[in-house]
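Per full-length UniProt numbering, numbering through the sequence shown is continuous, rising by one, with the last residue being 166.
We put the beta carbon where it would ideally sit given N, CA and C, even for glycine.
Have a look at the structure below, then the notes.
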Amino acid sequence: MEKVKSQVEGNTLVVERSFNAPRELVFEAFSTPAHLESWWGPAGWKTEIRTFEFEPGGTWHYKMTCVDKDQGDYYGMESWGKSTFLEIDSHRKIVYTDAFSDADGHVNPELPVMTITNEFVDIPNGTLFISRSEFTDAESLQQVVEMGAVEGFSSQLERLDAIISR
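The following block contains the structure:
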């Protein structure tokens, strides 16, 4: 299957990746806490989910910790995220807001908030995953890209592929 493709469309970052796995399995990997904890975050990072209410209006609050000593200054660093689910179409689409937060779930006002639409599409021999991260402005999108979002997301999708393509 192909690797990650990304492009910018206005204020939206679009990331696509194909998986050699059924759509239902790929969707479950995004909608079940135990699955998410096994692959969410870039390589060398561990994710712990504090809250996961998978329903419209529900909250997902999580912590990622760098556990790879080879990542230098990042080793031991924590990054908290908080999302609110807006729309769920089982095995087809998940829409949610995503923000940087602290351990108590307070959103960091200095970092961008985005609305993410993840789509899961049947293709021959697998699933096409399409993620659209929409920002309020081009500057916010650029800030997140400069933080390594594309590389980090690509890395975590590789981690997911290693699990679901066994």
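May I ask you to report which of helix, strand or coil DSSP gives L111? In the structure shown, the three-state DSSP call for L111 is coil.
How big is the Cα-Cα spacing for S90 and G58? In this structure, the straight-line span from the alpha carbon of S90 to that of G58 is close to 15 Å.
Can you name the start and end residues of the alpha helix (DSSP H) that V150 belongs to? Counting along the chain, the alpha helix (DSSP H) containing V150 begins and ends at 149-164.
Roughly how many whole angstroms lie between the Cα atoms of L157 and P22? Distance between the alpha carbons of L157 and P22 is about 15 Å.
Inter-stretch contact at 8 Å, needing at least 3 Cβ pairs: the segment 133-146 / the segment 22-32: Taking 8 Å as the limit for Cβ pairs, the verdict is that the segment 22-32 does not touch the segment 133-146.
Quick check on this structure: which residue in S101, N118, I116, E24 has the alpha carbon closest to the alpha carbon of D110? The amino acid occupying residue 110 in the given sequence is Glu; Asp does not appear at that position. Among S101, N118, I116, E24, the Cα nearest to that of E110 belongs to S101.
Per DSSP, cross-strand counterpart(s) of M86: According to the sequence as given, residue 86 is Leu; it is not Met. Paired residues: none, contrary to the question.
Hey, quick one: how far does the beta strand (DSSP E) through V14 stretch, first residue to last? That run of the beta strand (DSSP E) goes 12-19.
Once the 5 residues before and after N108 are set aside, which same chain residues still bring their CB inside 8 Å of it? Closer than 8 Å at the Cβ level, and outside the excluded window around N108, lie A99, F100, S101, D102.
Straight-line gap, D73 to S155 (C-alpha atoms, nearest Å): Those two C-alpha atoms are separated by around 19 Å.
Can you tell me which of E55, D70, E16, I163 puts its alpha carbon nearest to the alpha carbon of W45? Per the Cα distances, D70.
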